[in-house]
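Report on the following structure.
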Amino acid sequence: MDAADLAWDTIRLALEPFPGLPGIPEVPASALAVTDGPGLGAAAPRLTSPALAWRYRIDESRLDGGALQAVTTALAEVKRTPPAPGMSTSTSLDAALVRFDGQLRAVSALLAVVQAGLVATLLGLIALAAALAVERRREEFALLRARGGTVATIGGRALAESLVVLPLATAAGWLLATYVPGRPAATGWLVVGAGAVATLVIPALAAASQRRLSFTARRQDLVRHRPSTRRLTAELFFLLVAGLGAYLLRRRGLSPDGGVDPYLASVPVLLAVGAAIVALRVFPWPLGQLGRLAARARGAVAFLGLARAGRGAPVTIGPLAVLVVAIATGIFSGVVMSSIGDARDRATDLEIPADAQVSGYAFGPEVAGRLAAVPGVTAVAPVTVDPATQFTTGAGNTASVQVAAVDAEALARVAAASGTGVSLPAALVDARPGSGPIPAVVSPDVAAELGASGGAATIRSRSYDFTVAAVADAFPGVGSPSGRFIVLPRQALPDPAVIAPDQFLVAGDASPEALRAASATGATVTVTTWTDHRRDLDQTGANEVLSFTFTIGAVGATALALLAVGFTVLAGARVRGQVLSRLRTLGLSGRQGRGLLVYELVPLVTIAVLAGGLVGVFLPRVIGPALGLSSFTSGAVVRTALDPLLVGAVLVLVVAALAAAVVVENVINRRMRLGEVLRVGEGAQ
């Protein structure tokens with residue numbers, strides 16, 4: 001016989017009889033007998049009211065997320081309409097499925113936000129790559145235009161070239177993706193859409209670049225571009241759309257009708273792009289001040305690099321927006337992950353405000369001393385919880401409530417020794433036996449029913465007068481499923497010894513086996529450590545999908561941000577090569593040339609990190625209520641928490657981006673020749 005088998009879950013008394021409570025006739029000894037059909041027939045004459053029960057096991061491996069609603073509806077129907085008269089159905093599966101469905105919806109919302117950020121970054125990278133390809137062939141397209149070619153001819157030629165490469169590349173990527181597990185069904189339209197966008201973007205940009213004829217080369221780096229009224233109006237409209245989306249997201253949620261609204265899911269991307277627009281309009285002033293300081297310093301590298309950055313190379317809305325969206329997506333994933341972890345820590349502190357919790361029923365008076373004598377134990381606090389009792393108000397009204405008796409003074413010592421960080425009301429900790437009512441902590445709804453006067457609470461058939469010393473939504477170590485509770489200070493009761501504790505909160509590094517052995521009373525004893533409870537929160541529900549979402553968001557955003565920096569370097573490589581070649585004729589060294597690139601890119605990366613970082617940090621605060629993050633934290637409120645490791649990761653990303661830029665620049669410069677980049681005409685600028 002396997003005592004750990006799930007079949008014994010609801011009939012544990014068949015394996016471990018309950019000896020009863022000595023001196024309390026209301027709690028007699030009880031046990032269960034296991035027999036077969038003939039045995040039941042032999043025992044039936046002695047049974048007053050035999051009852052039959054059927055238990056159904058659930059194969060959780062066959063449950064699918066798409067079938068949750070159908071299963072929940074079927075269970076509710078069976079509970080409402082039993083199969084036959086006189087029968088009843090009881091199950092907690094429907095409640096568990098509802099909780100899991102809430103977590104699944106929250107994960108879907110988070111996944112939609114992260115996907116929107118990554119997809120927007122990918123589309124931005126495609127646009128940057130297409131713009132780079134068109135810029136590299138601008139002279140060729142201009143020559144075709146000068147020889148009488150139309151815009152449609154240029155677009156058609158670029159389309160023919162794209163059709164040779166990009167659809168095949170898209171198909172190859174899709175074939176590789178089919179080997180990745182967990183791929184959702186019906187994604188063929190995404191492949192077709194991605195291939196169409198990648199194929200058409202280069203012809204579209206090539207045709208748009210030749211709409212206006214120009215046969216004169218211009219020094220773009222000597223022009224200070226001022227935004228037109230049309231562009232400013234478009235930017236203001238974009239910011240208005242982003243702000244309206246954030247407002248609607250907070251009011252309606254991300255999935256008001258059960259599905260994810262694409263517009264609301266793209267709000268974080270809109271906010272990130274809006275932050276990039278604002279940063280692009282704000283940064284010239286501080287950059288100009290830095291340029292003036294660099295002009296007064298020794299050496300020309302810093303001045304030249306900041307001057308080129310201030311004239312729009314490479315800080316333009318395209319690379320900046322892509323970088324801001326990528327960084328915001330990565331930081332958002334990291335902040336939400338650390339915020340959920342912090343909320344789970346607080347939830348565990350509230351559930352088990354100690355290093356370990358020993359739970360049973362009606363422990364004897366000697367158990368507290370035995371636990372305190374276990375090696376490694378530094379403090380012990382007894383707790384008694386009566387989950388279904390009553391209290392009486394001063395006006396004589398009665399209501400159901402959960403009443404707990406906690407040695408608050410001992411619990412304060414346990415919490416301090418365990419380092420859980422919970423605090424108890426001083427009125428409860430300092431309470432002592434006296435002639436007046438006992439101070440108590442009550443839940444808000446109980447406080448509203450009591451009013452200004454106190455009442456009388458019943459615990460284990462004993463009534464105690466109390467006054468309301470504090471009102472709290474929850475109390476450490478005393479969970480209340482209904483949210484209605486009264487907590488009395490055990491050390492202030494006139495007769496605490498007659499109320500047997502049913503759990504102990506223990507501080508110290510004693511092993512669970514030692515605590516279980518010291519508290520064994522013949523009944524089932526459960527020892528739950530703080531670490532075990534915290535681990536359970538990490539391993540329940542849809543947590544694996546949640547962790548996968550965060551990992552993909554952080555890693556994917558980092559990789560895409562580095563790619564964006566690489567494309568930015570490639571876009572200005574030719575012009576920068578000409579500048580470096582001219583400066584080398586004046587004595588500029590290779591090291592100084594790399595420094596010039598760093599000074600050019602530092603403003604872009606700095607602005608992107610600041611704007612993307614602010615958006616990523618404040619996004620959970622702005623859209624957090626719409627994401628339902630508390631379903632992953634055992635109900636604890638999720639507050640924005642910034643992990644110091646995340647700050648370090650951002651700094652590492654900045655250094656990695658600059659290092660990658662230098663490597664790309666060196667590879668490009670090795671392919672250039674001094675005569676080619678200094679040649680007059682053919683795109684010389």
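With UniProt numbering applied, the sequence shown corresponds to residues 1 to 685, in that order. Just so you know, even glycine gets a beta-carbon here, dropped at the ideal spot from N, CA and C.
Exposure label - residue i; buried when at least 16 CB within 10 Å
i: Tyr-56; result: exposed
i: Gly-508; result: buried
i: Ile-202; result: buried
i: Ala-7; result: exposed
i: Gln-69; result: exposed
i: Pro-433; result: exposed
i: Glu-60; result: exposed
i: Asp-5; result: exposed
i: Asp-355; result: buried
i: Ser-453; result: exposed
i: Pro-45; result: exposed
i: Trp-285; result: exposed
i: Pro-620; result: buried
i: Thr-150; result: exposed
i: Glu-665; result: buried
i: Val-637; result: exposed
i: Glu-544; result: exposed
i: Pro-179; result: It is Tyr, not Pro, that sits at residue 179 in the sequence shown. It is exposed - the Cβ of Tyr-179 has fewer than 16 other Cβ atoms within 10 Å.
i: Asp-473; result: exposed
i: Leu-271; result: buried
i: Pro-353; result: buried
Chain-order list of residues whose beta-carbon lies under 8 Å from that of residue i (same chain, five-residue window excluded)
i: Gly-683; result: Low local confidence applies: a pLDDT of 45 at Gly-683 is under 50, so the model's placement there is unreliable, with the coordinate-based value given in what follows. If we look at Gly-683 and ignore the five residues flanking it on each side, its Cβ neighbours are Arg-138, Glu-139, Ala-217 and Arg-574.
i: Ala-131; result: Leu-205, Gly-318 and Ala-571
Cβ-based neighbour list, residue i, same chain, cut-off 6 Å, excluding 5 preceding and 5 following
i: Thr-526; result: Ser-359
i: Val-273; result: Ala-321
i: Arg-344; result: Leu-537 and Thr-633
i: Ile-623; result: Leu-249
i: Gly-376; result: Gly-508, Asp-509 and Ala-510
i: Leu-560; result: Thr-121 and Ala-326
i: Asp-342; result: Ala-641
Beta-carbon proximity of residue i to residue j, cut-off 8 Å
i: Leu-614; j: Ala-275; result: yes
i: Leu-287; j: Leu-306; result: yes
i: Thr-549; j: Val-107; result: yes
i: Gly-330; j: Thr-558; result: yes
i: Val-98; j: Thr-72; result: yes
i: Ala-347; j: Gly-553; result: no
i: Ala-405; j: Leu-350; result: no
i: Leu-580; j: Leu-588; result: yes
i: residue 689; j: Val-324; result: Because the chain spans 1 through 685 in this model, residue 689 falls outside it and cannot be assessed.
i: Phe-100; j: Ala-542; result: yes
i: Ser-631; j: Gly-65; result: no
i: Gly-566; j: Ala-660; result: yes
i: Ala-379; j: Val-414; result: yes
i: Ala-14; j: Leu-40; result: no
i: Pro-476; j: Ala-431; result: no
i: Ala-29; j: Thr-35; result: no
i: Pro-437; j: Thr-393; result: no
Sequence-distant residues of the same chain with beta carbon closer than 7 Å to residue i, five excluded per side
i: Leu-563; result: Leu-125
i: Thr-412; result: In the sequence under discussion, the amino acid at residue 412 is Ala, which differs from the Thr named in the question. Once the five neighbours on either side are set aside, the close Cβ partners of Ala-412 are Leu-424 and Val-429.
i: Asp-94; result: Thr-72, Leu-75 and Ala-76
i: Pro-625; result: Arg-250
i: Val-609; result: Ile-327, Val-650 and Val-654
i: Gly-421; result: Asp-349
i: Ala-427; result: Pro-439, Ala-469 and Ala-470
i: Gly-188; result: none
Residue-level contact to chain D via CB, residue i, 8 Å cutoff
i: Ser-30; result: Among the protein chains of the structure shown there is no chain D, as only one such chain exists.
Return the chain-ordered ranges of every alpha helix (DSSP H) run that is complete within the region 281-344 and spans a minimum of 4 residues. 284-296 and 301-310
Unbroken beta strand (DSSP E) runs of length 3 or more, entirely within the region 512-556: which are they? 526-529
Sequence ranges, alpha helix (DSSP H) only - wholly within the region 424-485, length at least 4: 426-429 and 444-450
Three-pair Cβ contact test at 8 Å for the region 203-210 versus the region 139-158: yes
Does the region 400-413 come close enough to the region 372-388 to have 3 or more Cβ pairs within less than 8 Å? Touching, per the Cβ criterion.
Which ranges would you report for the alpha helix (DSSP H) in the region 68-134 if only whole runs of at least 4 residues count? 68-80
I'd like the ranges of any alpha helix (DSSP H) spanning at least 4 consecutive residues and lying wholly in the region 334-417. As far as the region 334-417 is concerned, its whole alpha helix (DSSP H) runs of at least 4 residues are 367-372.
For the structure I just gave you, are there three or more beta carbon pairs, one from the region 585-600 and one from the region 294-303, closer than 8 Å? yes
Counting Cβ pairs closer than 8 Å, one from the region 495-506 and one from the region 371-385, do we hit at least three? yes
Residue ranges of each alpha helix (DSSP H) within the region 573-643, 4 or longer: 573-584 and 590-627
Starting from the N-terminal side, write out each stretch of the beta strand (DSSP E) that is 3 residues or longer and does not extend beyond the region 144-194. Secondary structure remark: continuous beta strand (DSSP E) runs of at least 3 residues inside the region 144-194: none found.
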